[in-house]
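Input: a single structure, listed below in structure tokens.
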Ligand SMILES: Nc1ncnc2c1ncn2[C@@H]1O[C@H](COP(=O)(O)OP(=O)(O)OP(=O)(O)O)[C@@H](O)[C@H]1O
Ligand SMILES: [Mg+2]
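Residue numbers (the UniProt record's numbering): 1 to 326.
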């Protein structure tokens, strides 16, 4: 296993302070602490070349876990191993093979062209001229940023900057990549481009990628397997398709009728969710949706009919709300 996490916990100790000057004074002499259990007893393993989605609501513990995995944070307890190393020992051989990209933070030098940061990383990671040139060329081509390589970072658009962040993070060809919301704030077209890049990069280099995102589109398109975390605990680890099968027990059939229909007659087909003539929405069991549609077409004056696949976004929301998965 490239990544293996066992019983990882991370507790933050946060100083508490009452508001105002007196509060400040009081907390100076009598400091109170609160413990935040950001990650509790988390275990999972990821094999070489896997691209896994790591999802959960705000504050679930995703970033904390990724920081522990990339050696930025020391776990409170438990074990983390990446490529056989313990990341927080921060051995060079280990750090050279890992990269963490955070959509909300940047490592690029603001006042210099992105290329200067790449050159700095080239020195830090002791990359040879030849390898640097080749890797940079490949990344620049894939991300289509040749024309802005020499532009001051502060003058780049958000999307361009995010691409440069990726190049800076990938220039040393890490085997393991942690992507923390790489598409945040990007427009839909740029998000799509990012996704294509991530998929292609994973395919080409067999790199192992753990990705967090609040956009279910990212997860749906890129990851077969998802790990869902909530309140610091893993609540699901498995195929995304399996959750859908388990929770999306029903499909929605939307029918437009040509003439009036007695709603009572529709009861036999399924549960009527909305009756707003000429439009009617009926919920039917997943397995029975084709039969139900055929019956509707046969017995009723149907002008238009549409069977909707379950919406992953809705399903994941149900999971976050605490719907049982086991
Ligand atoms: N440096 C810190 N000091 C104290 N508490 C922290 C710190 N960083 C995170 N936390 C707390 O730990 C919990 C987990 O935070 P984390 O950033 O890992 O969540 P997340 O899943 O990445 O959320 P989001 O989707 O909003 O990015 C939260 O309750 C957060 O407030
Ligand atoms: Mg986060």
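Just so you know, even glycine gets a beta-carbon here, dropped at the ideal spot from N, CA and C.
Coil, strand or helix - residue 158 by DSSP: helix
Top-ranked residue by Cα proximity to residue 253, from 103, 307, 162: 307
Runs of alpha helix (DSSP H) lying entirely within the segment 153–207, each at least 4 residues, in chain order: 158–170, 188–205
3-residue-minimum beta strand (DSSP E) runs that sit fully inside the segment 257–305, ordered along the chain: 271–276, 279–285
Residue 129 - containing alpha helix (DSSP H), residue span: 129–143
Local Cβ density within 10 Å of residue 74, reported as buried at 16 or more and exposed below that: exposed
Secondary structure, beta strand (DSSP E): runs of 3+ residues fully inside the segment 53–120: 77–82, 98–102
Euclidean distance between Cα positions of residue 188 and residue 18: 42 angstroms
Residue 63: CB within 7 angstroms of a non-hydrogen atom of ligand 2: yes
Cβ-based neighbour list, residue 334, same chain, cut-off 6 angstroms, excluding 5 preceding and 5 following: Any answer about residue 334 is impossible in this case: the structure gives the chain only from 1 up to 326.
Expected contact under 8 angstroms - CB spacing of residue 78 and residue 137 to nearest Å: Not really, about 41 angstroms apart at Cβ, beyond 8 angstroms.
DSSP-derived helix/strand/coil call for residue 8: strand
Residue 12 beta carbon near ligand 1 (any heavy atom closer than 7 angstroms): yes
Environment of residue 65 [buried if 16+ CB atoms lie within 10 Å]: buried
Distance cut-off 7 angstroms: residue 180 Cβ against heavy atoms of ligand 3: The model on display carries ligand 1 and ligand 2 but not ligand 3.
Distance CB(residue 316)-CB(residue 295) smaller than 8 angstroms: no
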